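Read top to bottom, the protein sequences are chains A and B. So the number in our numbering is just where the residue sits in the first sequence, counting from 1, plus 253. So the number in our numbering is just where the residue sits in the second sequence, counting from 1, plus 253. We treat Cβ as the ideally placed atom computed from N, Cα and C, and that holds for glycine. Quick caveat, the model's predicted, so the values are computed rather than measured. In what follows, a single structure is set out as structure tokens and then discussed.
Protein chains: 2
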Amino acid sequence: MIDIRQMRYFVALAETLHFGRAAERLHISQPPLSRQIAALEAELGVTLLERNSRQAVLTYAGRRFLEDARAVIANFDQACRNARLAEHGDLGEISIGFMMHAAYTVLPGLTRRYINAHPGVHLELREVVPGGLADAVLKGRFDAAIMFNPGFVRGLETEIIHHEELCLVMPVGHPLVGQPLVSAKQLDGEPLIGVPMDVAPVLREAITNYCHGAGFAPSFRLEVELQQTIVSLVAEKLGIALVPQSMERLGLPDVVFRPLENAPVIQHVVAWRLGNLNPALPPFLAEARAGQGKDRV
Amino acid sequence: MIDIRQMRYFVALAETLHFGRAAERLHISQPPLSRQIAALEAELGVTLLERNSRQAVLTYAGRRFLEDARAVIANFDQACRNARLAEHGDLGEISIGFMMHAAYTVLPGLTRRYINAHPGVHLELREVVPGGLADAVLKGRFDAAIMFNPGFVRGLETEIIHHEELCLVMPVGHPLVGQPLVSAKQLDGEPLIGVPMDVAPVLREAITNYCHGAGFAPSFRLEVELQQTIVSLVAEKLGIALVPQSMERLGLPDVVFRPLENAPVIQHVVAWRLGNLNPALPPFLAEARAGQGKDRV
DNA sequence: GATCATGATACCGATCCGGTATGAATTGAA
DNA sequence: TTCAATTCATACCGGATCGGTATCATGATC
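This is the structure:
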């Protein structure tokens with residue numbers, strides 16, 4: 254059977270057109286080279302070189318085979334290298350699901366560092382609503398997710414990589430704008446805008462608990478999915494809202510942000526399925542940990 | 254050293270995930286397969302499959318290596334097939350130079366038949382003025398040429414594949430239009446349009462000889478390179494011309510074609526350099542010969 | 001706990017590989 | 001013309017590798 258080694262021998266010979274020198278380059282002696290080339294030609298049923306005892310010259314078929322053999326050898330070696338890279342997570346693919354809010358916090362820096370450190374890995378980023386993320390990771394839809402901390406979920410590993418306080422956002426002209434620091438009690442009776450329970454349960458619960466701690470139940474007038482939409486609706490004087498601090502960076506006009514007394518802290522975690530063997534995952538998690546603090550805005 | 258055979262073994266194993274069945278498919282027994290896979294993993298330094306004695310499952314690196322190995326094996330086999338095809342001229346490339354006039358006679362049918370019969374051959378067609386064609390073939394610029402018969406040229410092989418008579422072309426209203434058959438003598442004194450000597454010496458000489466045979470020297474009023482330009486100029490009443498019969502097919506208006514008494518016969522040949530080893534050449538020459546007669550218009 | 005299935009290991013004969021020595025053919029110079 | 005040199009092919013040998021048979025180790029299943 255024809256062998257990749259015979260191809261290597263042939264390429265060396267075709268590039269030198271001299272059995273002796275080609276053998277030297279291959280670190281073998283000349284007779285085995287002659288024998289392997291003869292065997293290759295016999296097995297192919299094709300004359301690759303004309304030898305007239307003073308020089309060797311490629312036939313047309315030999316010229317063609319030289320081109321093809323070079324490509325085959327390159328692919329072969331690359332395949333072996335790829336296997337080694339893949340084992341250490343330096344080659345492959347990884348899919349990350351993230352809540353859209355992460356696009357304003359940890360995601361940009363994390364992805365930039367990761368693709369720089371692991372250029373061979375194909376990174377698939379998919380933004381989804383936070384509610385279904387844990388389930389998607391457990392089902393294998395994503396290798397990892399960036400989301401609000403869901404607490405303990407069976408089979409799901411999480412690690413906190415970022416945290417930020419919620420703050421109050423109001424339209425300009427709102428009575429509370431005068432306060433440099435707003436307390437929970439002052440929110441009683443204010444119409445709130447927030448995310449639906451099924452979209453971002455963690456965030457919603459944090460707000461609810463904050464209000465309950467002050468002795469009242471929040472009244473949500475409007476529910477929309479995206480944080481930036483919430484801020485826009487606040488600008489339209491449709492209510493006030495508790496949003497992560499980082500939303501201030503959006504720079505939307507006609508709104509004012511104020512810190513809250515004993516503000517609820519919202520945690521971002523990276524989450525992955527216990528037992529996920531994708532070798533590209535540990536390096537990703539390592540980058541996520543390493544970014545703690547750096548990714549703060 | 255890692256070997257293409259080990260890749261084949263691995264692919265068979267990865268596709269069955271069962272050492273026994275994979276060995277059966279490979280027509281070997283199970284122990285050598287186990288040994289070769291172990292050797293492959295050792296040489297790669299990579300675990301390709303996890304075996305827990307009840308089933309084997311690919312690792313991530315193994316999955317990657319499977320894809321790569323499939324591609325390598327396909328390329329490898331294709332390279333061997335290509336070598337065999339190339340030897341018989343069924344794969345490769347061939348460059349053909351042709352005088353533009355051939356585009357109205359033998360070339361269309363010839364190229365159609367050739368590419369149908371040898372779909373693996375890349376055919377390069379280049380139209381050039383006939384004058385330099387023999388030289389271009391001798392210098393290796395073309396593997397073959399379609400041209401007027403240049404007679405004997407050292408180192409050049411030729412074979413006649415087509416012949417046609419010259420005829421007279423005149424503008425409508427010319428005195429000779431009344432004649433159903435024109436003799437050479439009647440051309441004496443007529444202003445002629447023809448090709449320059451360096452562009453198509455064979456054609457030019459044939460016309461000159463024809464006139465000399467009738468006892469006069471032709472007077473060329475205009476010289477242009479292309480036959481169809483000649484006919485166009487005839488239509489403009491700038492002179493008359495002797496052109497190959499096939500030019501009548503162009504269907505240019507305001508001109509009349511008339512046969513000549515003892516008309517000069519112009520031969521098309523296929524020409525190639527003696528000793529050209531391009532394996533795609535003999536099949537091309539065979540098609541050129543086979544087309545004799547068929548390519549007549 | 002016995003049986004069955006599966007892959008790994010041990011060993012053996014045949015084959016293949018590469019090395020050394022040598023032969024055959026052609027070239028170039030004396 | 002002849003001799004030396006170069007170059008590739010052939011013959012033969014020891015070692016490595018391959019595949020085959022027999023057998024073992026390990027779980028899973030009943």
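For the ligand HEM, is there a heavy atom less than 7 angstroms away from the beta-carbon of B/Gly-342? Within the structure as shown, the ligand HEM is missing, as the structure has no ligands at all.
Taking Cβ-Cβ distances shorter than 9 angstroms, what residues in chain B pair up with A/Pro-532? Here the neighbours are Thr-312, Tyr-313 and Ala-314.
By Cβ distance below 6 angstroms, which residues in the same chain neighbour A/Leu-344 in space, the five residues on each side in sequence not counted? Only Asn-335, Leu-338 and Gly-373 meet the Cβ criterion.
Rank B/Gln-259, B/Leu-495 and B/Val-382 by C-alpha distance to the C-alpha of A/Phe-329 and give the top, closest one. The residue from B/Gln-259, B/Leu-495 and B/Val-382 with its alpha-carbon nearest to that of A/Phe-329 is B/Gln-259.
Residues of chain A with CB under 8 angstroms from B/Val-390, in chain order? Near B/Val-390 there are no residues of chain A at all, since even the closest Cβ is about 18 angstroms away, more than 8 angstroms.
Close-in-space but distant-in-sequence residues of the same chain around B/Phe-537 (CB under 7 angstroms, 5 per side omitted): For B/Phe-537, same chain residues with a beta-carbon under 7 angstroms away, outside a window of 5 residues either side, are Ile-347, Tyr-367 and Ala-397 in chain order.
Proximal chain B residues relative to A/Leu-270, where beta-carbon distance stays under 8 angstroms: Those do not exist, as A/Leu-270 stays about 16 angstroms from chain B at its closest Cβ, beyond 8 angstroms.
Near A/Arg-307, which residues of its chain fall below 7 angstroms by C-beta distance, leaving aside the five closest residues on each side in sequence? Its chain contains no residue whose beta carbon lies nearer than 7 angstroms to that of A/Arg-307 once the 5 sequence neighbours on both sides are disregarded.
Just to confirm before moving on: does the CB-CB distance between A/Ala-453 and A/Pro-383 stay below 8 angstroms? Between A/Ala-453 and A/Pro-383, the gap from beta carbon to beta carbon is short of 8 angstroms.
B/Pro-285 bridges to which residues according to DSSP? According to DSSP, which records beta bridges pairwise, B/Pro-285 is partnered with nothing at all.
Anything in chain A within Cβ reach of B/Ala-324, meaning under 8 angstroms, just list it in chain order. Per Cβ cutoff of 8 angstroms: Asn-328 and Ala-332.
Local conformation of B/Arg-261 per DSSP, three classes: B/Arg-261 falls in the helix class under three-state DSSP.
Are the C-beta of A/Val-550 and some C-beta of chain B separated by less than 8 angstroms? Only weak support is given to the placement of A/Val-550: the predicted model assigns it a pLDDT of 40, under 50, and the value that follows is read from those uncertain coordinates. Judged by the 8 angstroms Cβ criterion, A/Val-550 is not in contact with chain B.
Would a check of beta-carbon distances place A/Asn-305 closer than 8 angstroms to chain B? Using a Cβ-Cβ cut-off of 8 angstroms, A/Asn-305 does not count as an interface residue toward chain B, since no Cβ of chain B sits closer than that to its own.
Determine the burial state of B/Arg-457: buried for a count of at least 16 other Cβ atoms within 10 Å of its Cβ, exposed for fewer. Answer is buried; the Cβ neighbour count reaches 16.
What are the residues that DSSP puts in a beta bridge with B/Arg-474? Bridge partners of B/Arg-474: none, in fact.
Report the neighbours of A/Asp-321 on chain B: residues whose CB is nearer than 8 angstroms to its CB, in chain order. Correct list: Asn-328, Gln-331, Ala-332, Asn-335 and Ala-336.
Using CA coordinates, which residue listed in A/Pro-428, A/Val-455, A/Tyr-357 and A/Val-522 is at the minimum distance from A/Glu-501? Considering only A/Pro-428, A/Val-455, A/Tyr-357 and A/Val-522, the residue with the shortest C-alpha distance to A/Glu-501 is A/Tyr-357.
Within chain A, the residues that B/Phe-318 reaches when beta carbons sit closer than 9 angstroms: The answer, in chain order, is Ala-332, Cys-333, Asn-335, Ala-336 and Ala-339.
Nearest neighbour of B/Gly-385, chosen from B/Gly-408, B/His-415 and B/Met-352 [CA to CA]: Nearest C-alpha to B/Gly-385: B/Met-352.
Between B/Glu-418 and B/Gly-350, what straight-line distance do the alpha-carbon atoms span, to the nearest angstrom? Counting only the Cα atoms, B/Gly-350 lies some 23 angstroms from B/Glu-418.
With a cut-off of 8 angstroms, does the C-beta of B/Val-299 fall near any C-beta of chain A? True, the Cβ-Cβ gap to chain A drops below 8 angstroms.
Could you list the residues in the stretch 379-413 of chain A with a C-beta less than 8 angstroms from some C-beta on chain B, going in chain order? Those residues of the stretch 379-413 of chain A that come within reach of chain B (Cβ to Cβ, closer than 8 angstroms) do not exist; the list is empty.
For A/Glu-340, is the classification buried or exposed, using 16 other Cβ atoms within 10 angstroms of its Cβ as the cut-off for buried? Per the 10 Å Cβ criterion, buried.
Are A/Leu-503 and A/Val-435 close, meaning C-beta to C-beta below 8 angstroms? A/Leu-503 places its beta carbon 8 angstroms or farther from that of A/Val-435.
With 16 other CB atoms within 10 Å as the buried threshold, where does B/Ser-282 fall? Note on B/Ser-282: under 16 other CB atoms within 10 angstroms of its CB, so exposed under the neighbour-count rule.
Would you mind sorting A/Met-400 into buried or exposed? The rule is 16 or more other CB atoms within 10 Å of its CB. Around the beta carbon of A/Met-400, 16 or more other beta carbons lie within 10 angstroms, which makes this residue buried.
For the beta strand (DSSP E) containing A/Ala-524, name the first residue and the last one. Membership of A/Ala-524 in the beta strand (DSSP E) is indicated by the continuous run 518-526.
Report the rounded CA-to-CA distance for B/Phe-473 versus A/Leu-311, giving the unit in angstroms. If you take the alpha carbons of B/Phe-473 and A/Leu-311, they lie about 51 angstroms apart.
For a quick check, are the C-beta atoms of A/Leu-302 and A/Ala-309 less than 8 angstroms apart? Cβ atoms of A/Leu-302 and A/Ala-309: closer than 8 angstroms.
Whole-angstrom distance between B/Glu-277 and B/Ala-524, CA atom to CA atom: In a straight line, the C-alpha of B/Ala-524 is about 56 angstroms away from that of B/Glu-277.
Along the chain, where does the alpha helix (DSSP H) containing A/Ser-485 start, and where does it finish? Its alpha helix (DSSP H) spans residues 480-488.
In the DSSP assignment, what are the bridge partners of A/Ala-541? Beta-bridge pairing by DSSP links A/Ala-541 to no other residue.
Let me check understanding here. Comparing Cα to Cα, which of B/His-415, B/Asn-529 and B/Ala-437 lies closest to B/Ala-543? When only C-alpha atoms are compared, the closest one is B/His-415.
Quick one: is A/Arg-542 near chain B, going by C-beta distance under 8 angstroms? With 8 angstroms as the cut-off, A/Arg-542 does not count as an interface residue toward chain B.
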